[in-house]
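J.: Next up is a structure, given as C-alpha cells.
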Amino acid sequence: MTCYLEYDEGIDAAFPFDAEAVVEQVVNEVLRTEQCPYEVCVNVLVTDNAGIREFNRTYREIDRETDVLSFPNLDFDEPARFWIPEGREADYFDPESGELILGDIILSVDRVRAQAAEYGHSPKREFAFLVAHSMLHLCGYDHMEPAEAAVMEDKQEKVLGQLGITRDMP
1 MTCYLEYDEG IDAAFPFDAE AVVEQVVNEV LRTEQCPYEV CVNVLVTDNA
51 GIREFNRTYR EIDRETDVLS FPNLDFDEPA RFWIPEGREA DYFDPESGEL
101 ILGDIILSVD RVRAQAAEYG HSPKREFAFL VAHSMLHLCG YDHMEPAEAA
151 VMEDKQEKVL GQLGITRDMP
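Position 145 of the sequence shown, counting from 1, maps to 145 under the working numbering, and the rest follow consecutively.
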C-alpha cells in the first residue's frame, strides 16, 4: 500500500501527531475491514479552508468550505465490491507499482482543528475520523440516506476503535 500525504503550498499543518502514520493506520484498517483484495494507492492532500472551498467549487460546484472531500477512482455498483471491469485494468491500476489507484482525499487543516475543539476531542481523533470517513467513500459508501449514514457511522467508529483512536484520547 502506498499513501501519499502532501500539504498545499503555504499550509501550516503542524499537527501534534504523526499525520503520515495516522493516514497509513486508518487506510490499512479500512482496507482490512472492507476486505479489499488489492494493494492500493491513496493520495491525501491537506489544505486550508480557502483551498478546500476552491476544490469544492471547482469539482462539485458547491461554493463553501467543508472538512473533507473524497474523489473515488472506482465506480462501485455496491459498497466494497472491488470489481474491475475486464479490459479496464489500465484505468484503475498504476502501471509501475501494480497498485489499485483507489482515489484522492482532501482535508482542511482548519476544519480538523476547529471540529476537534467543537466536539471536545483531539486533533488526531478528528483527523483520523475524516480519513476513515473519506476512505469509506473511496470504497463506495455514501451517506445520502439515513440508513446509509448509519452504516458509515458504524464502520467509522469500528475502524477508529480497532486502532484505539477514541474520543477520550489525549
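For every residue, glycine included, the Cβ atom is placed at its ideal position computed from N, Cα and C.
State yes or no: is the C-beta of Glu89 within less than 7 Å of the C-beta of Glu39?
T.: Residue mapping note: residue 89 aligns to position 89 of the sequence shown, counting from 1. Residue mapping note: residue 39 aligns to position 39 of the sequence shown, counting from 1. Contact: no.
J.: Are the beta-carbon atoms belonging to Asp94 and Ile105 less than 7 Å from one another?
T.: Translated into positions along the sequence shown, residue 94 becomes position 94. Translated into positions along the sequence shown, residue 105 becomes position 105. Not in contact: Asp94 and Ile105 (Cβ atoms no closer than 7 Å).
J.: Would you kindly check if the distance between the Cβ of Tyr141 and the Cβ of Pro72 is under 7 Å?
T.: Taking the first residue of the sequence shown as position 1, residue 72 is located at position 72. Taking the first residue of the sequence shown as position 1, residue 141 is located at position 141. No, the Cβ-Cβ distance between Pro72 and Tyr141 is not below 7 Å.
J.: Which first and last residues belong to the alpha helix (DSSP H) in which Leu138 is found?
T.: As a first step, residue 138 is located in the sequence shown; it is residue number 138 there, counting from the start. Residues Pro123 to Leu138.
J.: Please state the DSSP three-state secondary structure of Tyr141.
T.: Your numbering for residue 141 matches position 141 in the sequence shown. The answer is coil: DSSP assigns Tyr141 none of H, G, I, E or B.
J.: Checking the sheet assignment: what are the DSSP bridge partners for Thr2?
T.: Here residue 2 refers to the residue found at position 2 when the sequence shown is read from its first residue. Cys41, per the DSSP bridge assignment.
J.: So is Gly10 buried or exposed if we call it buried at 16+ other beta carbons inside 10 Å?
T.: Position 10 of the sequence shown, counted from the first residue, corresponds to residue 10. Per the 10 Å Cβ criterion, exposed.
J.: With Asp104 as the anchor, note down where its beta strand (DSSP E) starts and where it stops.
T.: The sequence position of residue 104 within the sequence shown is 104, counting from 1. It spans Leu100 to Ser108 - the beta strand (DSSP E) in which Asp104 sits, taken as one unbroken run.
J.: Please determine, among Val27, Phe17 and Phe15, the residue with the shortest C-alpha to C-alpha distance to Leu138.
T.: The residue given as residue 138 occupies position 138 in the sequence shown. Nearest option by C-alpha distance: Val27.
J.: Taking the alpha-carbon of Asp67 as reference, which of Ile84, Met152, His121 and Ser108 has the nearest alpha-carbon?
T.: Residue numbering aside, residue 67 sits at position 67 when the sequence shown is read from its first letter. Of Ile84, Met152, His121 and Ser108, the residue nearest in Cα terms is Ser108.
J.: Looking only at its own chain, which residues have a Cβ that is under 8 Å from the Cβ of Tyr119, when we skip the five neighbours before and after it?
T.: Here residue 119 is taken as the residue at index 119 of the sequence shown, counted from 1. Answer for Tyr119: Glu126 and Arg167, listed in chain order.
J.: Does DSSP put Pro72 in a helix, a strand or coil?
T.: For this step, residue 72 is matched to residue 72 along the sequence shown. Strand.
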